[in-house]
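Q: If you scroll down you'll find the structure; I have some questions about it.
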Amino acid sequence: MVKFLKPNKAVILLQGRYAGRKAVIIKSFDDGTRERPYGHCLVAGIKKYPNKVIRKDNTKKTAKKSRVKAFIKLVNYQHLMPTRYTHDVDLKDIVTADSL
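Structure (structure tokens):
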């Protein structure tokens, strides 16, 4: 079987709290682990996207609308939809499974 869920691949989450959110695969575990005996991967994604800012918004409201929140999560392969895009920045040394 061809391995297509590689690190730096952009995916969309399909199930759970972050369903529909975009993420990037950091590390993949094809054979699983003792705690998770199925194929899964560590993803980092965007929890909250920035909203549209209009001219009449004050600075406090503009700052709140411009805020971006992120998440890190271990996700089953079956709950991911891969896209054709890849991310060119290597996040493996920045984000680890221990940071959960």
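The sequence shown begins at -15 in our numbering and counts up one residue at a time.
Think of the CB as a built atom: it goes at the ideal place given N, C-alpha and C, for glycine as much as any other residue.
1. Quick check on this structure: which residue in GLY29, ARG51, ALA47 and VAL8 has the alpha carbon closest to the alpha carbon of ASN(-8)?
2. Looking at the structure shown, is LYS49 part of a helix, part of a strand, or coil, going by DSSP?
3. Checking the sheet assignment: what are the DSSP bridge partners for ILE10?
4. Are the stretch 71 to 81 and the stretch 38 to 49 in contact at 8 Å, needing three or more beta carbon pairs?
5. Is the beta carbon of ALA3 less than 8 Å from the beta carbon of GLY29?
6. Could you spell out the range, first to last residue, of the beta strand (DSSP E) harbouring ILE30?
7. Among ILE(-4), ASN35 and LEU58, which one has its Cα closest to the Cα of GLY16?
A: Let me spell this out:
1. VAL8
2. helix
3. In the DSSP output, where bridge partners are listed per residue, ILE10 has none listed.
4. no
5. no
6. 24 to 32
7. LEU58
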